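Last residue of the sequence shown? That's 718 in my numbering, and every number before it is there in order.
Ideal placement from N, C-alpha and C gives every residue a C-beta, glycine not left out.
Source: prediction; values computed, not measured.
Structure, as structure tokens:
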Amino acid sequence: MPHAHIFEPGLPVAADARYVPDYAATLGDYLGVLDAHGMSHGVLVRPSFLGTDNSYLLEALGRHPERLRGVIVVDDYKLERELSEERVRHLDAAGVRGVRLNLLGKPLPQISGASWQLVGRIMRRHGWHLEIQASAQQWVTLGPALVQWPALLVIDHLGLPDAAVPEGRAAVLQLAVRDSA
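Now the structure itself:
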């Protein structure tokens with residue numbers, strides 16, 4: 538199922554935002570699109586330009602718990618606190634089903650490190666996924682660690698293929714096979 542982002546002017550924007558839209562994409566707009574297309578359920582993903590404060594997304598999920606699920610963004614430096622077993626249990630009850638990493642223009646997290654592996658096991662227990670948006674070159678670097686990732690993996694925006702980096706496409710295809718088995 539494709540995801541959508543909701544936002545409006547006046548929300549706090551991340552200091553390192555690559556862009557900030559000058560329009561609103563409200564919850565009402567999204568629900569209207571779902572209704573117009575006969576879709577009973579939807580997935581909202583916290584847009585990266587809004588940083589790691591997930592309260593706006595969680596509020597939207599709380600308004601339509603029977604209809605919406607969400608994907609949050611977390612701070613890599615607070616990972617074990619933000620995705621502790623207790624916190625994930627609470628977020629799961631609120632409708633969250635995954636974590637998004639938008640890595641474009643950012644340093645890569647240590648996915649094979651102890652903190653991420655612990656969080657991955659917690660995510661797996663709750664049926665959550667890790668959704669990653671990365672450049673072709675980043676997939677080359679991330680690929681080996683993600684093959685061993687303990688939870689489900691979502692490759693955002695089809696891996697952003699780049700003909701100049703065929704190794705990136707190969708890394709994405711290897712990961713796609715990983716979760717299809």
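- Counting along the chain, the unbroken alpha helix (DSSP H) around L683 starts and ends at 673 to 684.
- Residue A551 holds the alpha-carbon nearest to the alpha-carbon of N591 among G664, V677, A551, Y567.
- Taking all protein chains shown into account, R658 has fewer than 16 neighbouring C-beta atoms within 10 Å of its C-beta and is therefore exposed.
- Cβ atoms of G635 and L667 come within 8 Å of each other, at about 7 Å.
- For G607, the uninterrupted beta strand (DSSP E) run begins and ends at 605 to 609, by DSSP.
- Cβ neighbours of P687 within its own chain (closer than 6 Å, five residues either side excluded): G657, R658, R661.
- Contact annotation: the region 609 to 617 does not touch the region 555 to 562, with fewer than three C-beta pairs closer than 8 Å.
- Ranked by Cα distance from A541, the options L594, T589, G599 are led by L594.
- It is roughly 19 Å from the alpha-carbon of L645 to the alpha-carbon of V608.
- A residue is called buried when at least 16 other Cβ atoms come within 10 angstroms of its Cβ; Q675 meets this threshold and is buried.
- Residue burial annotation: S577 is exposed, with fewer than 16 other C-beta atoms found within 10 angstroms of its C-beta.
- In this structure, Q670 is the residue among R626, G575, V633, Q670 with its C-alpha nearest to the C-alpha of K643.
- Rounded to whole angstroms, E545 and R624 show a C-alpha spacing of 27 Å.
- Here L640 has I669, Q670, A671, Q675 as same chain residues with Cβ atoms under 7 Å from its own Cβ, once five neighbours each way along the sequence are excluded.
- Per DSSP, the beta-bridge partners of E668 are R637, V691.
- Here L695 is exposed. Its C-beta has fewer than 16 other C-beta atoms within 10 Å.
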